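Our numbering applies: residue 61 is where the sequence shown begins, and numbers increase by one.
Yeah, the Cβ is synthetic: ideal placement off N, Cα and C, and Gly gets one too.
Values in this document were obtained by computation on a predicted structure and should not be read as measured data.
Heads up, the thing below is written out as structure tokens.
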Amino acid sequence: MKALVAGPAKAKKPGMLADEFMKPAQPLLDASSPGGVPLKLITETASPMYARMGIKTGKETRNGYATSFGQTLAAVLCSLASRNQTRAAPQEGADGCVVQAEFPSGLTTMKGKLCLTLERKPEGTRSSSAAVFEGQASGRGRAKRVRDELHQDILNYRTLQP
């Protein structure tokens, strides 16, 4: 399993984080207002404050795969590794597991959370995935893109063999 996940992890492409994107904008903000407020302060304060107020955006998707639970779980771990998403250890359940991951901020959103439930079924594996951005009223479609990319990755990686 480790060898299977190591390949996609090496091939991951680092993206631009929101903080990196906003650094060049700071001089413009400083010039536009007297006593300029550091943009980093805004992003570090506003998002957690909105999250405490219950503001969040996200969606859930359900998919079924005609592959074994183990192959689907391996495909999920490969997908997370290839997309630079940090994950917690899968939590086992009676008929499956829950995998939680955090994905980095992007140009349109701050960092978000992905919760994926895999469930053994006689015909294969059922997955439910939810991508959530706490502290944001809109993710500009990123939650859907994250879920769609995960689904496509599972289809691509599920046939890999160690």
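Pair within 7 Å by beta-carbon distance, residue i and residue j
i	j	result
Asp208	Ser139	no
Phe193	Thr177	no
Phe163	Gln151	no
Ala191	Gly172	yes
Arg218	Ala135	yes
C-alpha gap between residue i and residue j, whole angstroms
i	j	result
Gly166	Glu120	20 Å
Leu224	Ala111	No information on residue 224 is available, as it lies outside the stretch 61 to 222 that the chain covers here.
Ala161	Ala141	10 Å
Ala69	Gly201	Confidence at Ala69 is low in this model, with a pLDDT of 49, below 50, so its placement is unreliable and the value that follows should be read with caution. Rounded to whole angstroms, Ala69 to Gly201 spans 25 Å at the Cα level.
Thr127	Lys204	23 Å
Leu215	Val158	19 Å
Phe129	Arg143	21 Å
Leu210	Gly118	15 Å
Met113	Leu220	43 Å
Pro108	Cys175	19 Å
Leu137	Gln131	10 Å
Closest residue to residue i among the options (Cα-Cα distance)
i	options	result
Lys116	Asn216, Leu210, Ser198	Ser198
Gly156	Arg180, His211, Thr127	Arg180
Thr105	Leu220, Leu210, Pro182, Gln196	Gln196
At what residue ranges does the segment 103-185 contain a whole run of the beta strand (DSSP E), taking only runs of 3 or more? 116-125, 156-163, 172-181
Looking at C-beta atoms only, is the number of pairs between the segment 174-188 and the segment 122-139 that lie closer than 8 Å three or more? yes
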